[in-house]
Amino acid sequence: MQIKKFTDFGLRMLMLLAAQPEGASTTIKDMGRLLNLSPNHLNKVVHDMAKQGWIVTKRGRSGGFSLACKPKELRVDQLIRSMEADEPWVNCHNPECQLYPGCHLHQLIAEGKALFYQHLAKFTLADLVKDKSVLASLGKDTILLDSLH
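Position one of the sequence shown corresponds to residue 736 (the working numbering), numbered consecutively onward.
Following this line, the structure appears as structure tokens:
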């Protein structure tokens with residue numbers, strides 16, 4: 736399984752926000768510069784994360800976004816499941832697979848997926864940023880940490 740770029744970008748952004756002091760915010764432009772990603776891509780991710788309630792956004796001159804809750808309150812399985820839209824890993828119906836009636840691949844993969852998410856449920860965003868100093872140091876030479884509100 737390979738997660739979508741959307742999910743990858745979202746997790747990176749959440750990890751960097753979690754490594755910052757509580758309540759710290761940044762802008763899409765600064766986050767894009769730090770992660771070397773297009774602000775256009777990140778804009779879509781930020782919109783979705785705000786809709787999910789994981790971040791809060793503020794418009795205007797002193798605008799930006801920050802975590803809406805503590806990192807220990809966001810489970811990794813829920814983050815990935817939501818950003819991936821929890822779609823099946825094997826699609827036997829589009830196009831219709833001729834092997835489907837007698838094939839057990841879809842069931843095997845579905846069971847593996849359940850185990851995958853069961854394992855990820857043991858971890859939170861806080862677990863992904865245990866060594867905050869490493870992540871926080873990434874922004875020292877960028878505008879990100881300088882622009883924290």
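Glycine included, each C-beta is placed from N, C-alpha and C at the ideal position.
Local Cβ density within 10 Å of residue i, reported as buried at 16 or more and exposed below that
i              : result
proline 823    : exposed
isoleucine 790 : buried
glycine 767    : buried
leucine 860    : buried
leucine 843    : exposed
glutamate 755  : A quick correction: the sequence has glutamine, not glutamate, at residue 755. Looking at its Cβ environment, which holds 16 or more other Cβ atoms inside 10 Å, glutamine 755 is buried.
aspartate 866  : exposed
aspartate 821  : exposed
leucine 769    : buried
Spatially closest choice to residue i from the options, by CA coordinates
i                 : options                           : result
methionine 784    : Leu814, Asp765 and Arg794         : Leu814
asparagine 826    : Ser817, Gly767 and Leu840         : Leu840
methionine 750    : His776, Met736 and Leu802         : Leu802
lysine 857        : Leu769, Gly837, Glu808 and Lys739 : Glu808
phenylalanine 851 : Asp866, Lys793 and Asp812         : Asp812
leucine 752       : Lys805, Ser773, Glu819 and Gln787 : Lys805
glutamine 737     : His776, Glu819, Thr792 and Cys832 : Glu819
arginine 810      : Lys740, Leu863 and Arg794         : Leu863
serine 773        : Gln833, Met748, Ala845 and Lys786 : Met748
Coil, strand or helix - residue i by DSSP
i                 : result
histidine 776     : helix
phenylalanine 800 : strand
lysine 865        : coil
arginine 794      : coil
phenylalanine 741 : helix
Sequence-distant residues of the same chain with beta carbon closer than 7 angstroms to residue i, five excluded per side
i            : result
arginine 816 : Tyr852
* Asked: Per the contact definition of three or more C-beta pairs closer than 8 angstroms, is the region 796–813 in contact with the region 756–764?
  -> Note that the region 756–764 touches the region 796–813; at least 3 beta-carbon pairs, one per stretch, sit closer than 8 angstroms.
* Asked: Is it a yes or a no for the region 771–781 touching the region 739–754, going by three-plus beta-carbon pairs under 8 angstroms?
  -> With a cut-off of 8 angstroms, the region 739–754 and the region 771–781 count as touching, because enough Cβ pairs lie within range.
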